[in-house]
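Peer 1: Please read through the structure below; I'll follow up with questions.
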Amino acid sequence: MAVFPSTAGAQQAERRLRNSGRGDGRSPAGGAGAGAKGGRRSQRAAYLFIAPIALGFLVFYIWPLLETFWFSFTSFGAFGGNSWVGGENYERVVRDVTVGRALGNTVLYMVMGLMTLPVAIVLAELMNRRGLRGVPVYRALYFMPFVTLPAAVGLVWNWLYNGDFGMVNEALSWIGVDGRYWVSDPSTAVYAIGIVMIWSHIGYYLIIFTAGVKAIPRDYYEAAEIDGAGPLRRFFRITLPLLSPSIFFASVICVINSLQQFDLIFVMMSPENPALGETQSIVTLFFKWAFDENSQGAAAALAFLLMLLIAALTYLQFRFQKRWVHYA
Amino acid sequence: MRRRTLLAGALAATPVAAGAATGCSAGGASARTSGGRTTISYGMWDQLQVAGMEKIIKAFEAEHPKISVSIQVTPFTSYWTTLKTAMRGGSAPDVFWMNAVNLQLYASEGVLEPLDPFIERDGFDMGVHPEELLRMYTYERTRYAMPKDFDTIGLWYNKELFDKAGIKYPDESWTWDTVRDAAAELTDPRAGVHGIAAEMSRQYTYYNSIAQAGGYVIRDGRSGFGDPRTIDGLRFWTDLIDRGHSPSQSAMTDTRGRQLYLSEKVAMNYDLSAMASQMYAEPAIKDHGAVAVLPKGRERGTTIHGLANAISGKSPNTEAAWEFVRFLGSRKAAEIQAREGVTISSYEGTQDAWVKSMPEFDLKVFTDMLDYAVPYPASKYTTVWENLQPQLLGGPFTGKGGIEDASRTLGRQMDLALEQEK
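In order, the protein sequence lines correspond to chains A and B. Numbered according to the UniProt record's numbering, the first sequence spans residues 1 to 328. Numbered according to the UniProt record's numbering, the second sequence spans residues 1 to 422.
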């Protein structure tokens with residue numbers, strides 16, 4: 001990142017600096033002043049370039065964030081209009097037993113989400129094998145679930161999981177295992193959803209890791225091979241350490257993503273599902289409070305606390321990256 | 001991550017687009033009256049009823065050449081959130097479908113036009129609609145919506161499965177005991193057939209049995225789930241699951257009781273009158289499906305619920321809207337609706353057309369049950385305590401037992417929720 005700005009823009013500025021110094025015959029000191037002016041101009045261009053994204057960020061992220069914070073201290077009328085209630089909403093969030101359960105489930109989703117990474121790393125390594133044919137086909141196959149709408153994914157998996165005529169139970173019956181009602185049994189539902197979550201996200205991380213693996217110079221492997229390192233040793237001593245920046249990036253994204261788990265749960269769990277309480281995440285609970293039960297204030301408090309949790313976890317991840325991330 | 005942002009963007013864009021669309025078709029007050037013609041919008045959620053509604057609208061427009069009506073259909077799953085948002089933004093339809101669950105909330109917040117002044121001025125006779133329905137749509141002695149149709153629950157059964165087991169068909173003499181005995185006889189694990197579907201459903205199953213046991217769901221702002229009689233009404237169902245005469249709730253989450261009945265995997269199923277046309281469309285069920293009144297517990301009871309048409313308090317065309325609502329509440333509209341065979345019209349004496357529309361089924365049982373029908377229970381924030389029910393009753397309904405404790409806990413939590421309403 002740090003290398004980038006010094007290339008085109010800075011070179012141009014430097015050239016201009018030299019030109020202007022020569023052009024008006026001033027001393028080098030005067031030239032430096034003119035250069036600063038040119039720098040300011042190029043800075044202006046830089047701000048212009050980041051303006052669209054910065055504006056979007058302000059309007060769509062920062063403003064809603066502040067608004068949510070404000071809403072979390074108010075109570076809403078059913079049809080608009082809100083009144084200040086102080087910390088009442090936060091009190092509800094702390095007291096309500098369903099919040100604790102939803103938090104536990106959310107952490108479970110995060111742990112299951114993180115299990116996507118090792119799978120994707122191994123797949124990326126396998127797909128990088130020399131002489132493997134049909135790599136684009138595999139890549140497309142793994143990526144397909146990720147670009148499919150979560151609603152469609154959820155619906156299809158509900159059919160696969162169906163206890164009476166689902167394909168999962170059918171396949172299990174071939175090996176003599178008696179299936180169950182995966183998504184409506186309180187003891188399995190959360191894992192059933194977790195599996196779908198992993199399945200539909202592998203493709204995304206696979207792309208990141210494939211790029212990472214490809215960036216590792218082949219020479220390292222060749223040198224290691226000559227020194228007699230086997231494939232496992234090469235994987236652990238070369239691939240993993242050099243892939244660690246990608247792994248770090250992926251794990252940050254993955255934690256944020258899985259803490260916000262919503263769509264699959266929403267689609268796969270019908271309101272009558274007896275396993276609903278065991279699968280509810282913070283965001284589905286937020287949805288229920290805000291849109292079913294008309295307590296937008298408490299929902300805003302819940303959303304704000306979730307944001308703090310995500311911010312804290314992301315901070316910790318950045319804090320501890322020094323210990324294991326190697327930037328080559 | 002990137003997909004999420006894209007999705008969020010798409011979601012954020014939809015209401016804007018939808019708002020723009022409605023803004024064009026039915027938008028601001030000034031755009032509504034053009035060339036002396038008033039256009040009012042009509043919000044509903046059931047796609048199946050659009051054809052019938054269009055016929056009614058045609059008849060209405062013929063009588064009122066200065067008013068035209070445009071239908072806005074929103075699927076039920078998003079109907080209430082959309083309506084609420086539209087209410088805030090001022091783009092709600094002039095006339096829209098209302099249900100018992102939401103009436104008190106909408107009425108108490110003052111977003112519905114009270115109908116009483118119009119009813120009195122025009123001398124409209126509301127007595128043509130069932131009393132329970134009128135009570136459902138009255139809040140603090142003011143009427144807020146015009147009943148449109150109603151639903152009661154009946155005992156649907158499969159004659160072929162009854163014949164196979166050698167059991168007499170259900171009739172008025174049936175009690176809970178008869179149901180239990182029959183369910184035991186009809187259950188055939190080898191054929192994968194259960195006697196009955198004890199699905200965890202408010203309207204279809206346990207609200208009915210609670211009434212039949214002499215219990216109640218809500219009375220004077222207090223929950224009835226701690227009441228021993230209410231618990232009896234719930235136990236009727238969980239017993240059937242515990243004994244294996246019904247699939248467990250886990251199984252019926254994957255495949256609903258109605259589907260099991262339609263695919264002849266259960267012999268008996270409690271279901272809505274409005275489902276008759278769907279059953280009628282299934283050849284096997286049309287041939288040997290049938291319906292009877294609900295069996296008696298300690299007393300008789302069935303849940304009655306019906307939709308009604310309400311006028312938005314923010315509508316700039318209240319007069320035209322009332323003309324339309326009045327027409328919807330008239331015999332003429334009811335007759336068209338009944339002939340379409342989708343639902344039972346609430347207008348007295350027009351039900352015959354619906355009853356006769358499916359001669360193979362004895363649909364008269366649904367209107368016979370009006371005498372002891374119990375209104376669908378509701379309070380201001382009905383959804384809040386309704387959401388507690390599946391969470392707490394789910395365990396017992398999957399055959400884990402403990403319905404007494406679950407029901408009492410539900411009662412306590414529901415009371416807390418009701419406390420919050422005040």
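The beta carbon of each residue, even a glycine, is placed where N, CA and C say it ideally should be.
(1) Report the residue from V135/A, I208/A, R233/A and T210/A whose alpha carbon sits nearest the alpha carbon of Y221/A.
(2) In angstroms, rounded to a whole number, what distance separates the CA positions of T409/B and I265/A?
(3) By the 10 Å Cβ neighbour count, where 16 or more other Cβ atoms means buried, how is E172/B classified, buried or exposed?
(4) Looking at the C-beta of L307/B, does it have a partner C-beta in chain A at a distance below 7 Å?
(5) Can you tell which of Y206/B, P117/B, R37/B and S357/B has the C-alpha that lies nearest to the C-alpha of F236/B?
(6) By the three-class DSSP mapping on this structure, what secondary structure does W97/B have?
(7) Distance, Cα to Cα, D352/B vs Y204/B?
(8) Go ahead and pull the three-state DSSP assignment for residue 487/B.
(9) Flag this pair as yes or no: are the beta carbons of T160/B and H288/B separated by less than 7 Å?
(10) So for W182/A, helix, strand or coil by DSSP?
(11) Whole-angstrom Cβ separation of V293/B and L155/B, contact assumed at under 8 Å?
(12) Identify which residue in R180/B, F162/B and I210/B has its Cα closest to the Cα of residue 425/B.
(13) Among V342/B, E54/B, I56/B and I304/B, which one has its Cα closest to the Cα of Y280/B?
(14) According to DSSP, L112/B sits in a beta bridge with which residue or residues?
(15) Please report the residue range of the alpha helix (DSSP H) in which G104/A lies.
(16) Is the beta carbon of M87/B less than 7 Å from the beta carbon of V111/B?
(17) Decide if V267/A is buried, meaning its Cβ has at least 16 other Cβ atoms within 10 Å, or exposed.
(18) Are the beta-carbon atoms belonging to T81/B and M369/B less than 7 Å from one another?
(19) Quickly, what does DSSP pair M146/B with across the bridge? List them, please.
(20) With G411/B and S223/B assumed to form a contact (beta carbons below 8 Å), what rounded beta-carbon distance in angstroms separates them?
(21) What residues of chain A sit near Q249/B, judged by a beta carbon separation below 8 Å?
(22) How should R258/B be labelled, buried or exposed, when 16 other C-beta atoms within 10 angstroms of its C-beta is the threshold for buried?
(23) Which ranges does the beta strand (DSSP E) cover as unbroken runs of at least 3 residues, wholly within the stretch 352–403 of chain B, from first to last along the chain?
(24) Quick one: which residues of the stretch 384–399 of chain B get their C-beta closer than 7 Å to a C-beta of chain A? List them in chain order.
(25) Between D242/B and chain A, is any beta-carbon pair separated by less than 7 Å?
(26) Report buried or exposed for G195/B, applying the criterion of at least 16 other Cβ atoms within 10 angstroms of its Cβ.
(27) Measuring CB to CB, does M136/B end up less than 7 Å from P377/B?
(28) For a test of the three-state rule: what should DSSP assign to M268/B, helix, strand or coil?
(29) Along the chain, where does the alpha helix (DSSP H) that runs through F287/A open and close?
(30) Locate the alpha helix (DSSP H) running through D169/B, then write down its first and last residues.
(31) Using a Cβ-Cβ cutoff of less than 6 Å, which residues in the same chain neighbour G212/A once the five nearest sequence positions on both sides are dropped?
(32) Fully enclosed by the stretch 228–304 of chain B, which beta strand (DSSP E) runs are 3 residues long or longer?
(33) One question on the structure: do V190/A and T284/A come within less than 7 Å of each other, judged by their Cβ atoms?
(34) Mind checking if Y181/A is an interface residue toward chain B, Cβ cutoff 7 Å exclusive?
(35) Identify whether G23/A lies in helix, strand or coil by the three-state DSSP scheme.
(36) For chain B, is any of its Cβ atoms less than 7 Å away from the one on F79/A?
Peer 2: With the given structure in hand:
(1) Mapped onto the first sequence, residue 221/A falls at position 221. Residue R233/A is the option with its Cα nearest to Y221/A.
(2) By one-based count along the second sequence, residue 409/B stands at place 409. By one-based count along the first sequence, residue 265/A stands at place 265. Whole-angstrom Cα-Cα distance: 26 Å.
(3) Here residue 172/B corresponds to residue number 172 of the second sequence, with the count starting at 1. Under this definition E172/B is an exposed residue.
(4) Here the question's residue 307/B lines up with position 307 in the second sequence. Taking Cβ atoms only, chain A never reaches closer than 7 Å to L307/B, which makes this a no.
(5) For the purposes of this step, residue 236/B is taken as the residue at position 236 of the second sequence. Measuring from the Cα of F236/B, the nearest candidate turns out to be Y206/B.
(6) Counted from its first residue, the second sequence places residue 97/B at position 97. DSSP places W97/B in strand when its eight states are reduced to three.
(7) In the second sequence, the residue the question calls residue 352/B occupies position 352. In the second sequence, the residue the question calls residue 204/B occupies position 204. C-alpha separation (whole angstroms): 23 Å.
(8) Past the boundaries of the shown model lies residue 487/B; chain B is included only from 1 to 422, so the question cannot be answered.
(9) Counted from its first residue, the second sequence places residue 160/B at position 160. Counted from its first residue, the second sequence places residue 288/B at position 288. As written in the sequence, residue 160/B is Glu, which differs from the Thr given in the question. In this structure, H288/B lies closer than 7 Å to E160/B by Cβ.
(10) For the purposes of this step, residue 182/A is identified with residue 182 of the first sequence, where counting begins at 1. Coil, per DSSP.
(11) As a working note, residue 293/B is residue 293 in the second sequence. As a working note, residue 155/B is residue 155 in the second sequence. The Cβ separation is near 7 Å, so the contact holds.
(12) Within the shown structure, residues of chain B are numbered from 1 to 422, placing residue 425/B beyond reach of any answer.
(13) In the second sequence, residue 280/B corresponds to position 280, counting from 1. Of V342/B, E54/B, I56/B and I304/B, the residue nearest in Cα terms is V342/B.
(14) As a first step, residue 112/B must be located in the second sequence, where it is residue number 112. Partner(s): S312/B.
(15) Within the first sequence, the letter at position 104 stands for residue 104/A. Segment V97 to L114, the alpha helix (DSSP H) holding G104/A.
(16) Start at 1 with the first residue of the second sequence, and residue 87/B comes out as number 87. Start at 1 with the first residue of the second sequence, and residue 111/B comes out as number 111. Yes, the Cβ-Cβ distance between M87/B and V111/B is below 7 Å.
(17) Position 267 of the first sequence holds residue 267/A. Burial call: buried.
(18) Taking the first residue of the second sequence as position 1, residue 81/B is located at position 81. Taking the first residue of the second sequence as position 1, residue 369/B is located at position 369. Not closer than 7 Å, so no.
(19) What you label residue 146/B is simply residue 146 of the second sequence in a count that begins at 1. BP columns for M146/B point to N309/B.
(20) Stepping through the second sequence from its first residue, residue 411/B is reached at position 411. Stepping through the second sequence from its first residue, residue 223/B is reached at position 223. Sure, about 5 Å apart at Cβ, within 8 Å.
(21) Within the second sequence, numbered from 1, the residue matching residue 249/B stands at position 249. Simply S184, E272 and P274.
(22) Against the second sequence, residue 258/B aligns to sequence position 258. Flag for R258/B reads buried.
(23) 373–375
(24) V384, N387, P390, Q391, G394, G395, F397 and T398
(25) Your numbering for residue 242/B matches position 242 in the second sequence. D242/B does not count as touching chain A.
(26) Position 195 of the second sequence, counted from the start, is the residue given in the question as residue 195/B. It counts as buried.
(27) In the second sequence, the residue the question calls residue 136/B occupies position 136. In the second sequence, the residue the question calls residue 377/B occupies position 377. No, the Cβ-Cβ distance between M136/B and P377/B is not below 7 Å.
(28) Position 268 of the second sequence, counted from the start, is the residue given in the question as residue 268/B. M268/B: strand per DSSP, three-state reduction.
(29) The sequence position of residue 287/A within the first sequence is 287, counting from 1. I282 to F287 is the extent of the alpha helix (DSSP H) around F287/A.
(30) Counting from 1 along the second sequence, the entry for residue 169/B is found at position 169. Reading off the sequence shown, one finds Tyr at residue 169/B, where the question assumed Asp. First-last for Y169/B: undefined, no H or E at that position.
(31) Locating residue 212/A in the first sequence gives position 212, counting from the first residue. Around G212/A: L243 and S246.
(32) 266–272, 289–292 and 302–304
(33) Here residue 190/A corresponds to residue number 190 of the first sequence, with the count starting at 1. Here residue 284/A corresponds to residue number 284 of the first sequence, with the count starting at 1. No, the pair does not count as a contact, with Cβ atoms beyond the cut-off.
(34) If you number the first sequence from 1, residue 181/A lands on position 181. Judged by the 7 Å Cβ criterion, Y181/A is in contact with chain B.
(35) Here residue 23/A corresponds to residue number 23 of the first sequence, with the count starting at 1. Residue placement at G23/A is flagged as unreliable, the pLDDT there being 43, under the threshold of 50; the coordinate-derived value follows with that caveat. Reduced to three states, the DSSP call for G23/A is helix.
(36) Position 79 of the first sequence holds residue 79/A. Taking Cβ atoms only, chain B reaches closer than 7 Å to F79/A, which makes this a yes.
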